[in-house]
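Engineer: Residue numbers (the UniProt record's numbering): 1 to 286.
1. Just grab the DSSP bridge partners of residue 230 for me.
2. Between residue 191 and residue 222, how many whole angstroms is the CB-CB distance? I'm expecting something under 8 Å.
3. Taking just the CA atoms, how far does residue 259 sit from residue 131?
4. Cα separation between residue 279 and residue 269?
5. Evaluate residue 228 with the Cβ neighbour count: other Cβ atoms within 10 Å of its Cβ, from every protein chain shown; 16 or more gives buried, anything less gives exposed.
6. What's the C-alpha gap between residue 256 and residue 72?
7. Based on the DSSP output, what are the partners of residue 191 in its beta bridges?
8. From the DSSP output, which residues share a beta bridge with residue 323?
9. Just to check my reading of the structure: residue 247 and residue 128 have Cβ atoms closer than 8 Å, yes? What is that Cβ distance to the nearest angstrom?
10. With distances taken between CB atoms, is the gap from residue 182 to residue 204 smaller than 9 Å?
11. So, are the CB atoms of residue 196 and residue 244 less than 9 Å apart?
12. Report all residues from its chain with a CB closer than 7 Å to the CB of residue 41; omit the five preceding and five following residues, and keep chain order.
13. Can you give me the C-alpha to C-alpha distance between residue 157 and residue 272, rounded to a whole angstrom?
14. Determine the direct distance from the alpha carbon of residue 38 to that of residue 13, and round the result to whole angstroms.
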């Protein structure tokens with residue numbers, strides 16, 4: 001199945017050949033797709049007035065490997081469209097608080113495992129080498145929910161390197177902060193659903209200037225994924241009103257550690273200077 005082919009296209013193309021039960025499910029999904037993305041097969045069967053096994057057979061009829069794959073496809077379709085209010089209504093309704101705790105941590109663990117499975121080792125090595133060997137500036141941009149990720153990455157890279165520039169909302173427009181980007185520069189973009197247009201526009205501008213583009217995002221088919229020279233995938237499947245940033249942060253941690261391992265002597269010397277300054281200024285309490 002084409003990864004970009006969504007469930008609605010499949011339903012439309014095959015609707016006339018569906019059985020009566022399958023048409024009931026198809027109609028229910030079309031009218032309630034935002035809720036269906038988070039329903040079990042049993043719950044969907046109950047709501048559509050068919051059996052659970054009919055729902056499972058419907059998934060196979062569409063060409064999926066099973067109901068979980070259909071559900072995942074639905075989530076992919078809607079995750080850029082859902083409002084926070086809609087997510088709040090459909091997530092953890094009447095669930096015990098500790099069950100929520102368990103569910104969130106299990107989801108985060110699953111996201112990290114899925115991220116590890118999708119990381120291409122050669123691409124990761126290439127990204128690290130590009131960062132370490134960059135002769136120009138390294139711009140880092142991540143806005144809205146990705147702001148914390150971009151600031152975290154910039155903070156630690158700035159401790160190791162002198163050519164880091166964080167693009168962020170200030171009294172100047174974000175474009176003014178990257179207007180001088182050049183071919184020898186590197187731009188690291190961080191963007192997850194819902195994708196911000198501003199991040200895409202900044203990377204598109206840098207791409208047009210022939211800068212090297214690295215994307216940290218959830219898919220090679222995301223807006224910045226399709227722009228980038230190299231993409232590193234981090235899974236951030238949602239569980240409620242917030243998207244999980246645990247796996248993206250783990251990826252960024254790995255980038256920081258890998259860069260540090262390539263610049264051991266520089267890091268050692270710089271941290272010796274920091275240690276002296278921190279002690280003189282009383283930055284930390286003993």
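Every residue, glycine too, gets a C-beta built ideally from N, C-alpha and C. From a predicted model like this one, the values you see are computed outputs, not experimental measurements.
Structural biologist: Looking at the coordinates:
1. Here residue 230 refers to the residue found at position 230 when the chain shown is read from its first residue. Note: residue 230 sits in a beta bridge opposite 214.
2. Residue numbering aside, residue 191 sits at position 191 when the chain shown is read from its first letter. Residue numbering aside, residue 222 sits at position 222 when the chain shown is read from its first letter. Right, the Cβ-Cβ distance comes to about 7 Å (below 8 Å), so this counts as a contact.
3. Here residue 131 refers to the residue found at position 131 when the chain shown is read from its first residue. Here residue 259 refers to the residue found at position 259 when the chain shown is read from its first residue. Computed Cα separation, rounded: 7 Å.
4. The residue you call residue 279 lines up with position 279 of the chain shown. The residue you call residue 269 lines up with position 269 of the chain shown. Each residue's Cα considered, the two are about 16 Å apart.
5. On the chain shown, position 228 is the one that residue 228 refers to. With 16 or more other Cβ atoms within 10 Å, it is buried.
6. Position 256 of the chain shown, counted from the start, is the residue given in the question as residue 256. Position 72 of the chain shown, counted from the start, is the residue given in the question as residue 72. So the two alpha carbons sit approximately 31 Å from each other.
7. Taking the first residue of the chain shown as 1, we reach residue 191 at position 191. Answer by DSSP bridge pairing, in chain order: 217.
8. The structure shown does not extend to residue 323, since the chain is modelled only from 1 through 286, so no value can be given for it.
9. Residue mapping note: residue 247 aligns to position 247 of the chain shown, counting from 1. Residue mapping note: residue 128 aligns to position 128 of the chain shown, counting from 1. At roughly 18 Å, the Cβ-Cβ gap does not stay under 8 Å, so residue 247 and residue 128 are not in contact.
10. Position 182 of the chain shown, counted from the start, is the residue given in the question as residue 182. Position 204 of the chain shown, counted from the start, is the residue given in the question as residue 204. For residue 182 and residue 204, no; Cβs fall outside 9 Å.
11. In the chain shown, counting from the first residue as 1, residue 196 sits at position 196. In the chain shown, counting from the first residue as 1, residue 244 sits at position 244. Cβ atoms of residue 196 and residue 244: not closer than 9 Å.
12. Position 41 of the chain shown, counted from the first residue, corresponds to residue 41. Cβ neighbours of residue 41 beyond the five flanking positions: 52, 55, 56, 67.
13. In the chain shown, residue 157 corresponds to position 157, counting from 1. In the chain shown, residue 272 corresponds to position 272, counting from 1. Approximately 16 Å between the Cα atoms of the pair.
14. Translated into the one-based positions of the chain shown, residue 13 becomes position 13. Translated into the one-based positions of the chain shown, residue 38 becomes position 38. Their Cα atoms are separated by approximately 24 Å.
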